[in-house]
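Visitor: Residue numbering for the sequence shown follows the numbering used here, starting at 117 and increasing by one per position.
Backbone N, C-alpha and C fix where the C-beta goes; we use that ideal spot for every residue, glycine too.
Mind having a look at this structure? Questions to follow.
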Amino acid sequence: MSRWMVNVRGQSISAGSMDELKALAKKGELGGGDIVQPPGATEWLYAVEIPELKASLRPDALDDLDLPDTSTGFSPVVKGLFAGVLVLVSACTWAYAFSLKNKIPTQSLELLDASGASGLSFEQVIVTAEGVNLKAEASNGSADVGPLPKNETATLLAKRGTWYKLSYNGKEGYAPVDSVVPAYFFAEDRAKLDYDPLYNPDKYVYVGNASWTMAADKAKKGISTMSASLQNDSKFGMTDIKIVAALKNTSGQVVTQKEITVEGVMAPNHSDMVGTLLPAKSEKDALPRIMLTSDFEKLIVTDPTVEERWLDGVEVLVGDEETTEASVTIVEVRAVPPEGK
Numbered sequence: 117m118s119r120w121m122v123n124v125r126g127q128s129i130s131a132g133s134m135d136e137l138k139a140l141a142k143k144g145e146l147g148g149g150d151i152v153q154p155p156g157a158t159e160w161l162y163a164v165e166i167p168e169l170k171a172s173l174r175p176d177a178l179d180d181l182d183l184p185d186t187s188t189g190f191s192p193v194v195k196g197l198f199a200g201v202l203v204l205v206s207a208c209t210w211a212y213a214f215s216l217k218n219k220i221p222t223q224s225l226e227l228l229d230a231s232g233a234s235g236l237s238f239e240q241v242i243v244t245a246e247g248v249n250l251k252a253e254a255s256n257g258s259a260d261v262g263p264l265p266k267n268e269t270a271t272l273l274a275k276r277g278t279w280y281k282l283s284y285n286g287k288e289g290y291a292p293v294d295s296v297v298p299a300y301f302f303a304e305d306r307a308k309l310d311y312d313p314l315y316n317p318d319k320y321v322y323v324g325n326a327s328w329t330m331a332a333d334k335a336k337k338g339i340s341t342m343s344a345s346l347q348n349d350s351k352f353g354m355t356d357i358k359i360v361a362a363l364k365n366t367s368g369q370v371v372t373q374k375e376i377t378v379e380g381v382m383a384p385n386h387s388d389m390v391g392t393l394l395p396a397k398s399e400k401d402a403l404p405r406i407m408l409t410s411d412f413e414k415l416i417v418t419d420p421t422v423e424e425r426w427l428d429g430v431e432v433l434v435g436d437e438e439t440t441e442a443s444v445t446i447v448e449v450r451a452v453p454p455e456g457k
C-alpha cells in the first residue's frame, strides 16, 4: 500500500492515509512548514500547501510559518533570508549521514556540503520507507530480489510507471518511487526543475507517431511492421528505453502484445525512429537488434554493409486474426546524468 512520506523537523515518518495526516496535524505533531510527499509522487510539498490538510493544522503550527511583521523592523528581504535558513537547517539535519561525491550545483547543496552534511550523486536515492524489498518486476506481487534498508543509498537505473529500477548491494530490482528520495530533493526550486528529467524521465519521452503495416510478402503472412518515432523533450539523453506494442481485434481484445527493449541513446531535445538490424547470415543464433535509427547510422560509418540488413520498423507476429487498432507505449526509460557530475 502506498503511503504518505513526511519529514518532520528532520525525522522521516509515514502515514497510511490523509486521515492519519490530519490526526498528526491536529495533535501538533505535523506543522505547516513540514514537508510531505504524496503516494506515488516524487515531488515534496509543504503541509500547508495541501488543501485537504491545511484546515487540520493547529493555529500555532501555522503561526510558525509567519515571519515577524513590519512592526518588528525586519524588511521583506530579511524575512526571506530567515525562511531560507530554516529550510536549509531542516535539510542539513535530515541529510547529515550521507557523504557527497557529486553535488548538484546549487547554492543550497553547496551550503550543505560546506556544513559537513552530506549530499548525493545524480544517480543516488535515499531509502526513506521501512520494510522495502527490491522486486523482480514493477509489481507488488512480484518476487523479492533483496531488502532495501531504510536510510541506505541505492543507485537509480530507470523509471517504470510509479516504480524506480534500482541497484543496491549488487542486486537490481524495482521499488515504489515513494519509498525513496532522489538527490534533487535537497536542491532549490530552479534546480529541481532543471534536474527533474533525471528522476521523472517518463514525463519527457513519448511516442510522437506510430503506424502499422501488414506484410505484403506471402512468406511473412501474419506479420505486421510497426513504425514509431520517439521524442525526447529534455536536455538529457535518454536510454534503456522499453516500449510495449499492442494490437487489438475488431472486438477490442488484445491480439498480441510485446515488450521491446530499444538499443541506443536518444539525444537531448531530439526525435528518433525505431528500427531493426537483422542478423548476418553467418550469425545463425543471433537475434534481431531493435535500435534507434541514430545509433544504426553510427554503425554504417564503420561498416556500410549493415545497411543491407536494416529494417525500418519492428516486425510483430499477429497471426491470422484481423486487427483494427494498435498502440505503442513507452513503459520504462533512464535519463543519462551529465558527465563529470
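Is it true that the CB of M342 sits closer than 8 Å to the CB of G429?
Guide: Yes.
Visitor: Can you tell me where the alpha helix (DSSP H) with A413 in it begins and where it stops?
Guide: The question names Ala, but residue 413 in the sequence shown is Glu. Taken as a continuous stretch (DSSP letters only), the alpha helix (DSSP H) holding E413 covers 409-418.
Visitor: Among residues of its own chain, excluding the 5 on either side of T329, which ones have a beta-carbon nearer than 6 Å to its beta-carbon?
Guide: Cβ neighbours of T329 beyond the five flanking positions: T341.
Visitor: Just tell me which of K287, A171, F352, E268 has its CA closest to the CA of E455.
Guide: That would be F352, whose Cα lies nearest to the Cα of E455.
Visitor: Enumerate in chain order the residues of its own chain whose CB-to-CB distance from P298 is below 6 Å, with the five nearest sequence positions on each side excluded.
Guide: Around P298: V241, Y315.
Visitor: Could you please give me the residues that DSSP links to Y322 through a beta bridge?
Guide: According to DSSP, Y322 bridges with Q347.
Visitor: In the DSSP output, what is K281 paired with across the bridge?
Guide: Answer is A274, Y290.
Visitor: If you draw a straight line from the alpha carbon of E268 to that of V452, how long is it in whole angstroms?
Guide: Each residue's alpha carbon lies about 23 Å from the other.
Visitor: Once DSSP output is grouped into helix, strand and coil, what is the label at A139?
Guide: If DSSP states are grouped into helix, strand and coil, A139 belongs with the helices.
Visitor: Do you know how far the Cα of K400 is from the Cα of T392?
Guide: Going from the Cα of T392 to the Cα of K400 covers about 17 Å.
Visitor: Please state whether the Cβ-Cβ distance between A344 and V390 is less than 8 Å.
Guide: In this structure, V390 lies closer than 8 Å to A344 by Cβ.
Visitor: Assess, as a yes-or-no matter, whether the stretch 286-295 is touched by the stretch 245-263 under the definition of 3 or more beta carbon pairs within less than 8 Å.
Guide: Judged by Cβ distances under 8 Å, the stretch 245-263 makes contact with the stretch 286-295, as three or more pairs qualify.
Visitor: What is the rounded straight-line gap between the Cα of W279 and the Cα of P317?
Guide: If you take the alpha carbons of W279 and P317, they lie about 12 Å apart.
Visitor: Among the candidates G277, S258, T244, K275, whose CA atom is the shortest distance from the CA of L264?
Guide: Comparing Cα-Cα distances from L264 to each of G277, S258, T244, K275, the minimum goes to T244.
Visitor: Out of W160, S133, G132, K138, which one is the CA nearest neighbour of G123?
Guide: Residue identity differs from the one stated: residue 123 is Asn in this sequence, not Gly. Cα-wise, what sits closest to N123 is W160.
Visitor: Which word fits N348, buried or exposed, when buried means at least 16 other C-beta atoms lie within 10 angstroms of its C-beta?
Guide: That one is buried.
Visitor: Would a C-beta distance cut-off of 8 Å place Y284 and A270 closer than the cut-off?
Guide: Yes, Cβ-Cβ distance for Y284 and A270 is below 8 Å.
Visitor: Considering only residues of the same chain and omitting the five flanking positions on each side of L140, which have a CB-CB separation below 6 Å?
Guide: These residues qualify, in order along the chain: L146.
Visitor: Compare the Cα-Cα distances from W426 to each of P404, F301, R276 and report the closest residue.
Guide: Selected option, being the one with the closest Cα: P404.
Visitor: So, using beta-carbon positions, are T372 and V434 closer together than 8 Å?
Guide: Against a cut-off of 8 Å, the Cβ pair of V434 and T372 comes out as a contact.
Visitor: Helix, strand or coil: which one does DSSP assign to R425?
Guide: Helix at R425.
Visitor: Does the distance from the CB of V152 to the CB of I129 come in under 8 Å?
Guide: Cβ atoms of V152 and I129: not closer than 8 Å.
Visitor: Please state the DSSP three-state secondary structure of D260.
Guide: It is a strand residue.
Visitor: Report all residues from its chain with a CB closer than 8 Å to the CB of L250; omit the five preceding and five following residues, and keep chain order.
Guide: If we look at L250 and ignore the five residues flanking it on each side, its Cβ neighbours are D260, V261, G262, P263, L264, L282, Y284, K287, E288, G289, Y290, A291.
Visitor: Considering only the beta carbon of each residue, do V432 and K374 sit closer than 8 Å?
Guide: Contact: yes.
Visitor: Taking the C-alpha atoms as reference points, what is the distance between K142 and D135?
Guide: Going by the C-alpha atoms only, they are around 10 Å apart.
Visitor: Rounded to whole angstroms, what is the Cα-Cα separation between P221 and Y300?
Guide: Summary for P221: the model assigns pLDDT 40, below 50, so the residue's position carries little reliability; its value from the coordinates is reported in the next sentence. Roughly 10 Å separates the two Cα atoms.
Visitor: I need the boundaries of the beta strand (DSSP E) containing L169, first residue and last residue.
Guide: No beta strand (DSSP E) holds L169; the alpha helix (DSSP H) holding it covers 167-170.
Visitor: Relative to the C-alpha of E424, which candidate in L394, M382, R276, N365 has its C-alpha closest?
Guide: Nearest of L394, M382, R276, N365 to E424, Cα basis: L394.
Visitor: In three-state DSSP terms, what is A383?
Guide: Correct three-state label for A383: coil.
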